[in-house]
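Student: Here it is, the structure, as structure tokens.
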Amino acid sequence: MSVVKIKIQRNFACILTLCVRCHSVLAMIRFNADTSAGMRWQFKPQQKDITIVPGETALAFYSAKNPTDRPVTGISTYNVVPFEAGQYFNKIQCFCFEEQILNPNEQVRTQITTFQLIFQT
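Converting from the sequence shown to this note's numbering requires adding 63 to each position, the first position being numbered 1.
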């Protein structure tokens, strides 16, 4: 079994960590999210993990809530660490690089990314 750890870091120190475990023809991807003290959004994955077949396209969803009494703006960037792990992910769609504004007490379900795992067998 091989393990690849990947971090996709967002501005405002919001981090998504993916752990990929290769089991013959299956890959398990585990999600989490952390925000810095300065980012007031409550941000969490809608699924703890997913198992997919390499070559499949998968969706990952997160919820974000602004618990404050004022609008809060966030923007994300897409980064895969370690660099070598990036070769296994084909990012098809992501809200990365798009400004997100949440109004006071607004909650949204966000599609973080559509991706495809690519493993050479």
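We treat Cβ as the ideally placed atom computed from N, Cα and C, and that holds for glycine.
Give every residue of the same chain whose Cβ lies closer than 8 Å to the Cβ of E169, excluding the five residues on either side of it in the sequence, and list them in chain order.
Tutor: In the sequence shown, counting from the first residue as 1, residue 169 sits at position 106. Result list for E169: K128 and N129, in chain order.
Student: Have a look at Y151 and Q179 and give me their C-alpha separation to the nearest angstrom.
Tutor: Against the sequence shown, residue 151 aligns to sequence position 88. Against the sequence shown, residue 179 aligns to sequence position 116. Looking at the two C-alpha atoms, the distance is approximately 8 Å.
Student: Of the residues N166, F106, I155 and R93, which one's Cα is nearest the Cα of S126?
Tutor: Looking up residue 126 in the sequence shown gives position 63. Ranking the options by Cα distance to S126, first place goes to F106.
Student: To the nearest whole angstrom, what separates the beta carbons of D112 and F94, a pair I think is in contact under 8 Å?
Tutor: In the sequence shown, counting from the first residue as 1, residue 112 sits at position 49. In the sequence shown, counting from the first residue as 1, residue 94 sits at position 31. That pair is a contact at about 7 Å.
Student: Throw me the rounded Cβ distance for the G137 and Q109 pair, which I believe falls under 8 Å.
Tutor: Counted from its first residue, the sequence shown places residue 137 at position 74. Counted from its first residue, the sequence shown places residue 109 at position 46. No, G137 and Q109 are not in contact; Cβ-Cβ is about 17 Å, not under 8 Å.
Student: Any idea what DSSP makes of Q110, helix, strand or coil?
Tutor: Your numbering for residue 110 matches position 47 in the sequence shown. Note: Q110 maps to coil in three-state DSSP.
Student: Let me know the beta strand (DSSP E) ranges lying completely inside the segment 118-168, each 3 residues or longer, listed in chain order.
Tutor: Here the runs fully enclosed are 120-128, 135-137, 152-157 and 163-165.
Student: Cutting at 6 Å between CB atoms, please list the residues of its own chain near V171, excluding the five before and the five after it.
Tutor: Position 108 of the sequence shown, counted from the first residue, corresponds to residue 171. So the list reads A127, once near-sequence residues are dropped.
Student: Count the other C-beta atoms from every protein chain shown that fall within 10 angstroms of the C-beta of I92, then say buried if there are 16 or more, exposed otherwise.
Tutor: Here residue 92 corresponds to residue number 29 of the sequence shown, with the count starting at 1. Of the residues assessed, I92 falls on the buried side of the cut-off, its CB having 16 or more other CB atoms within 10 angstroms.
Student: Please name the residue or residues paired with V171 in a DSSP beta bridge.
Tutor: Here residue 171 refers to the residue found at position 108 when the sequence shown is read from its first residue. Answer by DSSP bridge pairing, in chain order: A127.
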